[in-house]
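Let me begin by presenting the structure, written as structure tokens, before commenting on it.
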Amino acid sequence: EAQDHFARAGAKIDISNDRIRLGRDIVEAKLKTVPSRVTLTPRNPARAVIMGGDQWGTAAVLGPPNCTDLIRGRRSGSLADFGEFMRLTQFFNVVQMHGWPVEPLDIEVRYRHLEAALAMLTLTDKVPYVFSQSRQRIADVLEMCAIARGETLEEFGQRPGVFSIINTNTPLQYDVPMTIGVMDMARHGQPTLLTPFVMAGASTPATIASAMAITTAEILFGTVLAQLVRPGAPVFFGVASKNVDMKTGSPAYGMAEMMRCTLIGGQMARRYGMPMRSSNFSASNIPDFASGYESSNSVSSALCAGANLLMHAVGWVESGLCASYEKFVLDCEIVQSFAHIQERTPITRDSLAIEEIEQVGPGGHFFGTERTIATFETAFYQPLISSTQSYGAWMEAGGKNSAERATGIWQEALRSYQQPALDAGIVEALREFVAKRHAAGGAPLD
Numbered sequence: 076e077a078q079d080h081f082a083r084a085g086a087k088i089d090i091s092n093d094r095i096r097l098g099r100d101i102v103e104a105k106l107k108t109v110p111s112r113v114t115l116t117p118r119n120p121a122r123a124v125i126m127g128g129d130q131w132g133t134a135a136v137l138g139p140p141n142c143t144d145l146i147r148g149r150r151s152g153s154l155a156d157f158g159e160f161m162r163l164t165q166f167f168n169v170v171q172m173h174g175w176p177v178e179p180l181d182i183e184v185r186y187r188h189l190e191a192a193l194a195m196l197t198l199t200d201k202v203p204y205v206f207s208q209s210r211q212r213i214a215d216v217l218e219m220c221a222i223a224r225g226e227t228l229e230e231f232g233q234r235p236g237v238f239s240i241i242n243t244n245t246p247l248q249y250d251v252p253m254t255i256g257v258m259d260m261a262r263h264g265q266p267t268l269l270t271p272f273v274m275a276g277a278s279t280p281a282t283i284a285s286a287m288a289i290t291t292a293e294i295l296f297g298t299v300l301a302q303l304v305r306p307g308a309p310v311f312f313g314v315a316s317k318n319v320d321m322k323t324g325s326p327a328y329g330m331a332e333m334m335r336c337t338l339i340g341g342q343m344a345r346r347y348g349m350p351m352r353s354s355n356f357s358a359s360n361i362p363d364f365a366s367g368y369e370s371s372n373s374v375s376s377a378l379c380a381g382a383n384l385l386m387h388a389v390g391w392v393e394s395g396l397c398a399s400y401e402k403f404v405l406d407c408e409i410v411q412s413f414a415h416i417q418e419r420t421p422i423t424r425d426s427l428a429i430e431e432i433e434q435v436g437p438g439g440h441f442f443g444t445e446r447t448i449a450t451f452e453t454a455f456y457q458p459l460i461s462s463t464q465s466y467g468a469w470m471e472a473g474g475k476n477s478a479e480r481a482t483g484i485w486q487e488a489l490r491s492y493q494q495p496a497l498d499a500g501i502v503e504a505l506r507e508f509v510a511k512r513h514a515a516g517g518a519p520l521d
């Protein structure tokens with residue numbers, strides 16, 4: 076099917092080795108129809124996320140088979156864990172969109188996407204995620220997202236409301252599920268984040284220039300396919316490129332070369348007029364100091380690059396093999412701190428407080444001024460995790476480190492969570508759809 080689209084566009088196709096070559100003319104023509112800005116509208120329109128230009132959104136961790144917390148330890152993911160991460164995603168405002176925070180391994184594969192999507196659409200009202208794992212799975216979850224918005228699938232396709240990640244099999248290969256994902260998401264007008272899985276030194280030559288050249292080529296190839304299927308289909312320039320650690324063979328998440336790739340990727344995305352996807356990555360196995368600075372590196376480089384979507388914004392540890400409850404909270408602190416940094420500082424006579432300075436005079440203090448008393452709770456960013464307590468006061472409060480403080484915060488968040496309203500008829504329709512698909516055998520195993 077993909078070859079047919081490319082053949083009609085004039086691409087050179089070598090059937091003997093399944094190589095497809097695109098001319099510059101084809102690529103440049105199709106780039107003209109890619110939207111530079113995307114608005115994703117979930118079942119609650121107030122939760123719509125605008126991405127493009129200087130506007131950016133966040134999505135929770137996606138894909139780990141395991142999860143961990145300081146109370147229950149490390150374990151394989153379950154539907155109950157999945158549901159808890161859904162509740163945390165709903166609770167923290169800095170997280171605007173879903174990931175797929177942990178794989179619910181206690182649910183049979185052919186039905187797993189149905190049960191996870193049901194939890195995602197009923198426990199939260201934020202932008203949902205669609206895994207591009209097979210044509211049937213995509214169709215099922217898109218249908219459920221349309222039901223949640225009270226629309227037919229055709230109506231849903233007129234207004235983007237979900238997103239999916241497409242990872243290429245670098246170098247220079249789109250495998251079948253990913254190719255189907257590009258086409259089917261585009262056909263329904265939903266965005267794909269085209270993100271080559273690049274590890275310089277392993278899947279590309281051991282230079283950053285070559286790694287980013289291959290990254291760009293693979294993204295442009297998928298972009299053309301999406302536009303051939305549906306001109307105007309939203310596509311993101313996804314950058315998750317990094318080097319391989321030459322000692323261990325593992326991806327060097329959150330380290331210097333990844334930051335360089337992110338900054339180069341931002342320039343390329345702007346060149347092609349595409350919104351950019353980046354990530355909050357870390358290689359650390361636990362929410363320790365290394366995970367903090369690796370994540371801070373990731374987020375700062377993403378925002379300096381002009382990223383419009385920060386994937387895995389909260390919760391990622393162990394190079395993506397595990398979702399951490401504590402890291403979820405710690406990352407909320409990092410992300411919302413950077414969001415606050417980006418707020419504009421108004422320069423007015425009132426904000427300069429000239430009269431107040433004159434009133435206090437040399438050597439005075441401002442603790443008791445009218446402005447300080449009126450704004451002491453709102454004047455400055457209030458950290459979620461960080462503490463300014465003295466050592467003695469900190470010890471009296473239990474002497475907890477940042478991860479231990481995060482434990483108390485996620486526990487309180489789960490206790491305070493309130494399920495967002497959803498029409499009873501829509502809930503029933505979702506449950507009926509899931510039951511129908513269960514009866515039909517779910518999605519075939521690919």
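Residue numbers (our numbering): 76 to 521. Virtual Cβ for every residue (Gly too), placed ideally from N, Cα, C.
Integer Cβ distance of residue i from residue j, believed to fall under 8 Å
{"i": "TRP391", "j": "SER357", "result": "6 Å"}
{"i": "LEU196", "j": "ARG118", "result": "7 Å"}
{"i": "ALA84", "j": "LEU303", "result": "6 Å"}
{"i": "LEU269", "j": "GLY324", "result": "No, LEU269 and GLY324 are not in contact; Cβ-Cβ is about 25 Å, not under 8 Å."}
{"i": "VAL237", "j": "GLN411", "result": "Between GLN411 and VAL237 the Cβ distance is about 24 Å, and since that is not below 8 Å, they are no contact."}
{"i": "ILE289", "j": "PRO271", "result": "7 Å"}
{"i": "ALA510", "j": "ARG185", "result": "Not quite, the Cβ-Cβ distance comes to about 14 Å (not below 8 Å), so this is no contact."}
{"i": "ALA428", "j": "ARG446", "result": "7 Å"}
{"i": "THR282", "j": "ALA275", "result": "7 Å"}
{"i": "THR444", "j": "GLU431", "result": "6 Å"}
{"i": "PRO306", "j": "VAL113", "result": "Between VAL113 and PRO306 the Cβ distance is about 15 Å, and since that is not below 8 Å, they are no contact."}
{"i": "LEU405", "j": "ILE361", "result": "Rounded, the Cβ-Cβ distance is 11 Å, inconsistent with contact."}
{"i": "PHE157", "j": "PRO176", "result": "7 Å"}
{"i": "THR337", "j": "ALA388", "result": "Actually they do not touch by this definition, with Cβ atoms about 14 Å apart."}
Counted within 10 angstroms of its Cβ, other Cβ atoms place residue i as buried (16 or more) or exposed
{"i": "GLU159", "result": "buried"}
{"i": "VAL299", "result": "buried"}
{"i": "ILE294", "result": "buried"}
{"i": "HIS440", "result": "exposed"}
{"i": "GLU178", "result": "buried"}
{"i": "MET470", "result": "exposed"}
{"i": "LYS107", "result": "exposed"}
{"i": "ASP89", "result": "exposed"}
{"i": "GLU433", "result": "exposed"}
{"i": "LEU228", "result": "exposed"}
{"i": "THR423", "result": "exposed"}
{"i": "ALA382", "result": "buried"}
{"i": "ASN92", "result": "exposed"}
{"i": "THR453", "result": "exposed"}
{"i": "ARG94", "result": "exposed"}
Reference residue i; option with closest CA among the options
{"i": "PRO120", "options": "THR199, HIS188, PHE167", "result": "THR199"}
{"i": "ALA284", "options": "GLN130, GLU332, GLN78, GLU507", "result": "GLU332"}
{"i": "GLY340", "options": "LYS317, THR447, ALA472", "result": "LYS317"}
{"i": "MET172", "options": "LEU180, THR133, SER151, MET161", "result": "THR133"}
{"i": "GLY127", "options": "MET349, LEU396, SER462", "result": "MET349"}
{"i": "ALA398", "options": "SER426, SER359, TYR347", "result": "SER359"}
{"i": "ALA315", "options": "GLY307, MET321, MET330", "result": "MET330"}
{"i": "PRO458", "options": "ALA428, ILE416, MET334, PHE442", "result": "ILE416"}
{"i": "ARG212", "options": "MET253, PRO235, ALA223, GLY474", "result": "MET253"}
{"i": "SER491", "options": "GLN165, LEU115, GLY98, ALA468", "result": "GLN165"}
{"i": "LEU396", "options": "ALA414, TRP131, PRO139, LEU97", "result": "PRO139"}
{"i": "GLN233", "options": "ASP93, GLY264, VAL251, ALA135", "result": "GLY264"}
{"i": "PHE311", "options": "VAL319, GLY297, LYS322", "result": "GLY297"}
{"i": "ASN244", "options": "ARG262, ILE222, ALA454, ALA277", "result": "ALA277"}
{"i": "CYS407", "options": "LEU385, VAL251, GLU393", "result": "LEU385"}
Simplified DSSP state of residue i, which is helix, strand or coil
{"i": "ASP144", "result": "strand"}
{"i": "ARG224", "result": "coil"}
{"i": "ASP89", "result": "strand"}
{"i": "ILE241", "result": "strand"}
{"i": "PRO252", "result": "helix"}
{"i": "ARG149", "result": "strand"}
{"i": "TYR328", "result": "coil"}
{"i": "VAL304", "result": "helix"}
{"i": "ILE182", "result": "coil"}
{"i": "LYS317", "result": "strand"}
{"i": "VAL170", "result": "coil"}
{"i": "VAL555", "result": "Missing from the structure shown is residue 555; the chain here goes from 76 to 521 and no further."}
{"i": "VAL109", "result": "coil"}
{"i": "GLN78", "result": "helix"}
{"i": "GLY158", "result": "helix"}
{"i": "GLN494", "result": "coil"}
{"i": "ALA135", "result": "coil"}
{"i": "VAL310", "result": "strand"}
is_contact[residue i, chain B] using C-beta, thresh 7 Å
{"i": "THR337", "result": "Given the protein chain composition of this structure (a single chain), no chain B is represented."}
Fill in: Residue ranges of each alpha helix (DSSP H) within the segment 420-483, 4 or longer
424-427, 429-435, 445-450, 466-471, all fully within the segment 420-483.
Worksheet item: Enumerated in chain order, which unbroken segments of the alpha helix (DSSP H) with a length of 4 residues or greater are wholly contained in the segment 314-398?
Response: With a minimum length of 4 residues, the continuous alpha helix (DSSP H) runs that stay inside the segment 314-398 are 331-347, 364-380.
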